[in-house]
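S.K.: In the numbering used here, the protein residues as written are 204 to 1379.
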C-alpha cells in the first residue's frame, strides 16, 4: 500500500487508543479498544467463506426449526433475536423436538437436547450453533485424517484457546502494498485446498471455493512498541471459527519510517511448520506477479470435495505389531515426573502458558553441533539429548518420555499445505556411566525405532496404555515436549523488501514444559513454554537457566560421565583437583617486597599482567586469568569512566547533593581529576591502596573517584570508630591516605603519606591547580577498585580486595535494577560498609543524582519520611532492621520509591505484609543478599504478596553471570527442598583477603562446576534451602558469624577483644534474635584481682571482686565500632554440660532479659525505637 492511502491512525494517548479513519476500499470499523483498524477481506467488506446469502439462509433454516417446534409452521418467517422460546409458548417436549430438528439440520448427533434451556433466546441459540455449519451439502463432508482428528479432539477439549495456532511474523523495512498483498493471499488460498477447508461437528471436513483471506491493516506510526506488541498478541490469540474457512488471516502493522510488521496466523488443522515455507514461496511469487512454473499443477485441485487425505493404511498385522511394540516401549514409564513448579497443581488441565526466551550461549550451541557432526547425527538428535540432560538436572528423573513432532507427509504431499504432523513419544533412560556423547547416540537409536512406527497415531498409542491417576490435569502420556527448527534461510520477500521469519508466543502451551529451539543463522534461540498455572515467571526463568547450565556443562566435555542425582553437574576432573591443591598451597606476598602491592618498580603503569591477584599465589593468579574474560576490550568501561562520560555528555546535571551543597558532573569530574593528579604526583603507582578516612558527604565521593582515576584502590574508613582500630586498619592495608582536613591527617600522618582535600580546595580557590597526569593509567577489570574491611575471627579485621569488574557487574544496569538519569538515589549507608558501593556507584555510573544524608536522619523514621519526600528519592537501600522501624512508625514514607532494596538480615513477613497492605507500597521491593566478598549483592528477589502468604521471603537467585550453589557436606548440589551451604561466584567475586593467604584459601575455593577450571566460589557459611523454582531461602549461619544491624560480624573478633580485657576472666559471645534483628551478647566472668591472688598463699581462698560492667563497657568502646558492641551479661561462671563443653542452652537462659534486668548492660548509644541501633 503506498503512502498516498490515508488509513486509520493508531495513537496512544493517556493509555487509550484514538482512531482517525480515512477512506479506502473495504469497511473500516473500531475495535474493542477504541482503535481504528481496517478489516479488508472480512465479512464487513468482502465476501468471506460465507457470503450474506448463505448467512441469511442459515438464519432462516434455524428460524424454521424454531417455529416448527412452537407449532407455528416452519414457513421461514423471521424471528427476533430477543425472542424467548419458552415465553412464546414452548415447553419441555417442544424444546426436545426442536433440538432434534436442529440435530438434523446441523448433521450433528452430539448437539445437546437441552440446548434451548441453555440458550432460550433466538439470538443466543443462533450464536451457539454457529452461523454456517450446514452450508455444505451432506455429500461434501469427508472424514478427518489422523492428524486432523487429533487436533479436532484437542480443540474440543480446549475450545477457543490459541495452543493450536501457528504463525509467521516478519519485520519489513517498508510497508507492503496492501491491495497487492490481499490479492496474493487470495490467490494462495485458491491454490491450496487446505486453506479452503472448514470443520464441523462431529468431526468432519468440508471445502468451500472462492474464499478470501481476512487481512487487517493498522496505521501505527508513532505508536509505542508495547502497544504494537499488544496488538500482535491479540491477533495471534484470537480464536478461529473452525466452520468458517479460511483458517488463516493476516495483520499488517504500518510503522511508518520504522517499517512494517506482517503477522500471518493459521490454525494447525490446515497448516504445519513445513507448510509455512510453501506459503512463503507461493506468496512472494504471487505478490511479484510471477507466472506459475511451467508444468506445475495442483495435484489436489482448487477445491476437491472428494479429497481423501488419509495416508495409505498399513496392513492390520503391521499396525497391531507396531502398536504392541509401542506398548512394550512405554510399559511402566513415568506418567508424571517431578517438575519443580512453584504453584499448586490445579485439579483440571489448564493450557494457559508463558514463554521464557534466551539466546543459547555460542559455546553451548557449538558443542552440541560438534557432537552432531562427529557422530553423524542430525542437530535435532543432539538437542533432544541436551533437553534430557537439562530435565534430569532439574527433576532428578532418570526415566524420561519427551514428545516431539513428526511429519506424516507422503512423498506426493511434499508440496501441499495442510496438517501433516503427529506426535512421537521418545522414551530414554539415563543409566550410570552415561556420557553426553553416548546419550546422543542412544537418542539416534530411539528416534530411528520410533520413526519406523510413526504410522501409529499418537492418540492410539495413548489409548492403548493403562490410564494413569491424575491424568485429567496433565497432558496425555508426557508433560514435556521439544521442537527444533532451523529457520536460517526462512523468510519472505515482498517486492524489494525481505524479512526473516520469527514467531510470536500464543499465550498457551500444549505441555507443562515445551522447549522450542530455533536456529537462526549463527544464533540459536531457546524458548521455554511453561504452564502459568504451575510456574511463576521467575520460577520458569530460574528453571531455564538451570537447564541451560546443565546442558552447557555436560556438552563442554561430552566424554565425561553425566551426573544422575538432581542438579548435580560433572565431577571434578584431575585438573580441578589440582587447582584445589594449588589453592591450599597459597603463600603470602611480603607486603613491602614490591611497590604498590604486587607491582614492582620495573612494571610500567598500565601494563601489569592481566588477572593480577594481589597477595595470592601464582597458581591462583594463573587460574584467575584463565577464568576471566579479556576485560580490556571495547565493551568494558570501569565505573569512574562512566562517571566521566556523564560529565562530558551532561556536564551541568547535578551529580551530588548533600545538605545545601551541590556538585554538577563537571565539577565532580574536575575535582576528582585534581585528586588523581595529586596522588600520581605523590608517586603512588597503579594498584596502591589509599585509605579514605572521611565521613559521608561530597568530599568522600570526590576522594574515592579521584583514587579510581589515579589507578589506585580506595579503602573507606569509618571516622567514628575507635582511633586504635582506624590506625590498625591503615597500618596493615594502605600506602597512603586521603583526608578531609588536617585534624584527621594527624591521626595517620605517622603511618602513611597523607593528601589533604582541604589543601587542594585552597589551591583551587587561589587559582593554582595540580597538573593532571599526562597519561592516566589504564585500568583493567581485574585491578583492585577498593578494599573493604570486614570483621575477622582472630580479632584483626580482614581486608577484602574487590576488583573493578565486580562493581561493573553490580551497577548501573544489572538485571535486578537499572538506574538512569531520572533517578535520585539516597546515600544513607556508612561508607565503610559495602552497601555504599551500590549507592554511590549505582547513582553516578547511571547518571543519576546521589543525595547524601546524615546518619541521624535514617535513624528517625519520621525524619527519613520527610527526607525521601523533599528530595524526591526514587531508589533507596535499607537494612532489614531499619526497614522494620520505618514500617512500624511511618509505613507511608516509602510509597514514592521506584525501587526499595532491603536486606542484610532475614525479613519479617508480618512487617512486609503491613507495608504492602498500607495502600502505597514502593513500586518494587527487592530483597538483596550477599557478602562483601561477592560485592554487595549475590542474589536478589522481587518480594511480592505471594511470598508473604507462603510465609517465605526468598533471597532469590544470582543475576548477570553470577553463580550460586547450595552444596552438601560432600560438595554436591542439594535437591529442591533440601538444605545446604551457599557458595557464590561469578564476576562479582573478590580476589581474596589482602595479605591473608590462609584465610583466602579457606574461604575462596575452586569451582568444581567450571568446565574450564580456574574459577572460584566463596563459601558464605550461610545455610540455605534450595526452592523448587531455583531460588534460595536463608536459614541461618553455620559458623560463628551473625548479621547485626545489617552488618556481618565475626563473633570471634568480639570475643577476642572482650577476653583480652584485664578485668575479664572468660567470655562467650553469641547472637540473640530479637524483634529488631540480632543482638550481640557477651557473657563475662570477672578476673581475680592480681594483688589478692599474690597475698592469698598457702591455698587460702581467693575472693573475686565484682565486675565493673560500666568500666568494661568504656574500654570496649575504645576498641570496637558501635555496631559490634555487645550487651554485657556478668556471670559468676560459664556453665558447662556433662561433656565439659559450654552449655549453650543454660548460657542463653542466664542471659535472657528479665523484668528486673531487661537489657543488662547494653553498651550502644540509645537511638529511636531500639536501644542498640546501628551507627551509619
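For glycine and all other residues, C-beta sits at the position ideal for the given N, C-alpha and C.
For residue 1203, which residues of its own chain have a beta-carbon under 6 Å away from its beta-carbon, when the five flanking residues on both sides are left out?
M.R.: 1195 and 1196
S.K.: Return the residue from the list 1260, 1349 and 1277 that minimises the CA-CA distance to residue 1317.
M.R.: 1260
S.K.: Quick test of your reading: residue 930 and residue 951, contact by CB under 8 Å. State the CB separation rounded to the nearest angstrom.
M.R.: 6 Å
S.K.: Would you call residue 1276 buried or exposed, if buried means 16 or more other Cβ atoms sit within 10 Å of its Cβ?
M.R.: exposed
S.K.: So, residue 392 versus residue 449, is the Cβ gap smaller than 7 Å?
M.R.: yes
S.K.: In terms of residue numbering, what span does the alpha helix (DSSP H) encompassing residue 364 cover?
M.R.: Taken as a continuous stretch (DSSP letters only), residue 364 belongs to no alpha helix (DSSP H), as it is neither H nor E.
S.K.: In whole angstroms, what is the alpha-carbon distance linking residue 842 and residue 382?
M.R.: 54 Å
S.K.: Write down the C-beta distance between residue 1384 and residue 370 rounded to the nearest angstrom, noting that I regard them as a contact closer than 8 Å.
M.R.: This structure leaves residue 1384 out entirely; the chain is present only between 204 and 1379.
S.K.: Which residues does DSSP list as the beta-bridge partners of residue 1244?
M.R.: According to DSSP, residue 1244 shares a beta bridge with 1253.
S.K.: Please state whether DSSP places residue 252 in a helix, a strand or coil.
M.R.: Caution applies to residue 252, whose pLDDT of 38 falls short of 50 and renders its modelled position unreliable; the model cannot decide the point.
S.K.: Measuring alpha carbon to alpha carbon, tell me which residue in 743, 412, 1353 and 407 is nearest residue 399.
M.R.: 412
S.K.: Is DSSP giving residue 353 helix, strand or coil here?
M.R.: helix
S.K.: Measuring CB atoms only, is the stretch 725 to 743 touching the stretch 465 to 477, in the sense that at least three cross pairs come out at less than 8 Å?
M.R.: no
S.K.: Touching or not, the stretch 742 to 756 and the stretch 556 to 564, by the rule of three or more beta carbon pairs under 8 Å?
M.R.: yes
S.K.: Residue 856 and residue 916 - do their beta-carbons sit closer together than 7 Å?
M.R.: no
S.K.: Whose C-beta lies closer than 6 Å to the C-beta of residue 1015 among residues of the same chain, with five residues either side of it excluded?
M.R.: Taken in chain order, the residues that qualify are 1022, 1045, 1048 and 1049.
S.K.: Beta carbon of residue 748: closer than 6 Å to some heavy atom of the ligand FMN?
M.R.: The ligand FMN is absent from the structure shown, which contains no ligand whatsoever.
S.K.: Answer with buried or exposed for residue 320, where buried requires no fewer than 16 other C-beta atoms within 10 angstroms of its C-beta.
M.R.: exposed
S.K.: Which residues in the same chain as residue 956 place their Cβ atom closer than 7 Å to its Cβ, once the five residues preceding and following it in sequence are excluded?
M.R.: Taken in chain order, the residues that qualify are 885 and 939.
S.K.: Among 582, 1282, 1119 and 303, whose alpha-carbon lies nearest the alpha-carbon of residue 689?
M.R.: 582
S.K.: Counting only beta-carbon separations shorter than 7 Å, does residue 1167 have a partner in chain C?
M.R.: Structure shown: chain C not included; a single protein chain is present.
S.K.: When you compare each of 697, 1332 and 1179 to residue 485 by their alpha carbons, which one comes out closest?
M.R.: 697
S.K.: What residue range does the beta strand (DSSP E) around residue 1327 cover?
M.R.: Residue 1327 -> no beta strand (DSSP E), and no H or E assigned at all.
S.K.: For residue 463, which residues of its own chain have a beta-carbon under 7 Å away from its beta-carbon, when the five flanking residues on both sides are left out?
M.R.: Shown here for residue 463: same chain residues with a beta carbon closer than 7 Å to its own, the five before and five after excluded, namely 375, 377, 378, 379, 455, 456 and 457 in chain order.
S.K.: Cutting at 8 Å between CB atoms, please list the residues of its own chain near residue 1298, excluding the five before and the five after it.
M.R.: Because the pLDDT at residue 1298 is just 42, under 50, the model does not fix this residue reliably, and the value given afterwards should be weighed accordingly. Same-chain partners within the cutoff: there are none.
S.K.: From the DSSP output, read off the bridge partner residues of residue 454.
M.R.: 419 and 466
S.K.: Decide if residue 1129 is buried, meaning its Cβ has at least 16 other Cβ atoms within 10 Å, or exposed.
M.R.: buried
S.K.: Alpha carbons only, please: which of 1309, 1269 and 1234 is nearest the one belonging to residue 543?
M.R.: 1234
S.K.: What does the alpha-carbon distance come out to for the pair residue 302 and residue 263?
M.R.: 16 Å
S.K.: Taking the straight line between their C-alpha atoms, what separation do you get for residue 986 and residue 1010?
M.R.: 11 Å
S.K.: Measuring CA to CA, which of 1355, 889 and 900 is closest to residue 914?
M.R.: 889
S.K.: Per DSSP, residue 959 forms a beta bridge with which residues?
M.R.: 942
S.K.: Let me check one thing: in DSSP terms, what residues is residue 1381 bridge-paired to?
M.R.: Here the chain has residues from 204 to 1379 only, and residue 1381 is not among them.
S.K.: What first and last residue would you give for the alpha helix (DSSP H) that runs through residue 432?
M.R.: 428 to 440
S.K.: Would you kindly check if the distance between the Cβ of residue 1012 and the Cβ of residue 1163 is under 7 Å?
M.R.: Cβ atoms of residue 1163 and residue 1012: closer than 7 Å.
S.K.: Within 10 angstroms of its Cβ, does residue 1229 collect 16 or more other Cβ (buried), or is it exposed?
M.R.: buried
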